[in-house]
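What follows is one structure encoded as structure tokens, with my remarks underneath.
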Amino acid sequence: MKKIISSFVFILLSGCSQSDDYLSEANIEIKKNYPNIEIEKIRKVDDKLFEIIIENEIYYLTSDYKHLIAGNVINIHTKENITESSMKEKRLIVLKELDKENMIIYKPEKVKHVLTIFTDTTCPYCQKLHNEITNLLKNNIEIRYVLFSRNGNQMDAYKEMVSAWCAKDRKNALEQLYDGQSIVENLNCTNPISKNLEIAGKLLVTGTPMTFTEAGDIIPG
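Numbered by this note's numbering, the letters in the sequence shown go through residues -15 to 205 in order.
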């Protein structure tokens, strides 16, 4: 019996080792051809594909190490978008980096859903979305605004949002900015605006408003 158990354990360990060898070989092959890239994560999807995360982007490497593929991979039998499933997992991890203390939150009496919205007060579509906030709250949807300047921290939008954050009444300051009004410039407080830009980059936020559900799905525009 002991011999059987020992053999079984050896088989299991060999299987794990073989899987690790595959991942190591894939990693080495990519590094050999692209020495300057940093691989964040690599995993085996199946016998034909490896999934690789590089600078927050997902790529696929064929098992013969000859082809690197960019784009969505869909299982035609299950209809699952494998790439999107991986991205959702990654988004949820990144979204956890956001502290609620660093958001402007509109909360209904009863919360059924939560939307985290990356917003820029100079964005007309953000202003339009904000006009719907009363209806969203009526539908028991909590809104968590993450303020950031979509064009970088050297723009006027950055100063506007820092000033809104530093205001005594942040929501009122935000309302004024969405209405196209100016507010008193105040850049003298600790604020999350620069950090929010970094997190937006990790989430591949390329435009605003960019909305994330609690499940990690994206609602663009």
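Yeah, the Cβ is synthetic: ideal placement off N, Cα and C, and Gly gets one too. Predicted, not measured: the structure shown is a model, and the values here were computed from it.
Please report the distance separating the alpha-carbon of residue i from that of residue j.
i, j, result
"methionine 87", "isoleucine 42", "28 Å"
"threonine 118", "glutamine 165", "20 Å"
"proline 204", "lysine 72", "14 Å"
"aspartate 31", "alanine 54", "18 Å"
"phenylalanine 132", "leucine 82", "13 Å"
"asparagine 180", "glutamine 138", "14 Å"
"cysteine 173", "arginine 154", "13 Å"
"isoleucine 202", "leucine 99", "10 Å"
"alanine 141", "lysine 80", "25 Å"
"serine -9", "isoleucine 66", "In this predicted model, serine -9 has a pLDDT of only 40, less than 50, meaning its place in the structure is not dependable; the value taken from the coordinates is given anyway. Distance between the alpha carbons of serine -9 and isoleucine 66: 35 Å."
"isoleucine 14", "histidine 61", "29 Å"
"valine 168", "histidine 97", "34 Å"
"alanine 157", "glutamate 198", "27 Å"
"cysteine 150", "tyrosine 90", "18 Å"
"cysteine 110", "isoleucine 77", "25 Å"
"alanine 68", "valine 189", "The sequence given here places glutamate at residue 68; alanine does not occur at that position. Approximately 15 Å, taken between the alpha carbons."
"lysine 152", "glycine 191", "28 Å"
"glutamine 221", "aspartate 104", "Look at the range of the chain in this structure, -15 to 205, and you will see that residue 221 is not part of it."
"methionine -15", "asparagine 56", "With a pLDDT of 46 at methionine -15, under the threshold of 50, the modelled position of this residue cannot be trusted, and the question is left open."
Sorted by chain position, which residues of the same chain lie with C-beta nearer than 8 Å to residue i's C-beta, five sequence neighbours on each side aside?
i, result
"glutamate 64", "Ile58"
"glutamate 39", "Ile21, Glu22, Glu24"
"lysine 122", "Pro92"
"isoleucine -5", "Unreliable positioning characterises isoleucine -5 in this predicted model, as indicated by a pLDDT of 36, which lies under 50. The coordinate reading is nonetheless provided below. The answer is none, since no qualifying residue turns up."
"glutamate 182", "none"
Going by beta carbon distance, what residues of the same chain come within less than 7 Å of residue i, once the five residues before and after it are set aside?
i, result
"arginine 75", "Leu187, Phe196, Gly200"
"alanine 10", "Ile26, Phe34, Leu45, Tyr49"
"valine 95", "Asn124, Glu126"
"proline 262", "A question about residue 262 goes unanswered here, because the residues of the chain that appear run from -15 up to 205."
"tyrosine 162", "Thr105, Gln111, His114"
"lysine 143", "Glu169, Leu171"
Alpha carbons only, please: which of the options is nearest the one belonging to residue i?
i, options, result
"glutamate 126", "Phe132, Asn135, Glu116", "Glu116"
"asparagine 17", "His51, Val29, Lys28, Ile37", "His51"
"isoleucine 36", "Asp140, Ser70, Ile60, Pro19", "Ser70"
"asparagine 135", "Asp83, Thr106, Lys155", "Thr106"
"lysine 28", "Lys15, Leu7, Glu13, Pro19", "Leu7"
"glutamate 93", "Lys80, Asp104, Leu120, Glu85", "Leu120"
"arginine 128", "Thr190, Asn56, Lys84", "Lys84"
"serine 47", "Val78, Ile12, Asn56", "Ile12"
"alanine 184", "Lys122, Val130, Asn56", "Val130"
Once the 5 residues before and after residue i are set aside, which same chain residues still bring their CB inside 6 Å of it?
i, result
"methionine 194", "Phe102"
"leucine 113", "Pro193"
"proline 19", "none"
"valine 146", "Leu171, Asn175, Ile177"
"proline 108", "none"
Return the bridge partner residues of residue i from the DSSP annotation.
i, result
"threonine 195", "Ile101, Ile203"
"isoleucine 37", "Lys25, Ile42"
"valine 130", "Phe102"
"alanine 54", "Tyr43"
"tyrosine 18", "DSSP, once it has assigned bridges, lists no residue as partnering tyrosine 18."
"isoleucine 89", "Arg128"
"glutamate 65", "Here residue 65 is asparagine; the residue named in the question, glutamate, does not match the sequence. According to DSSP, which records beta bridges pairwise, asparagine 65 is partnered with Ile58."
Is residue i close to chain D? Criterion is C-beta to C-beta, closer than 7 Å.
i, result
"threonine 195", "In the displayed structure, chain D is absent; only one protein chain is listed."
Ordered list of alpha helix (DSSP H) runs contained in the region 150 to 190, each at least 4 residues
Entirely contained in the region 150 to 190, the alpha helix (DSSP H) runs reaching 4 residues are, in chain order, 154 to 162, 177 to 186.
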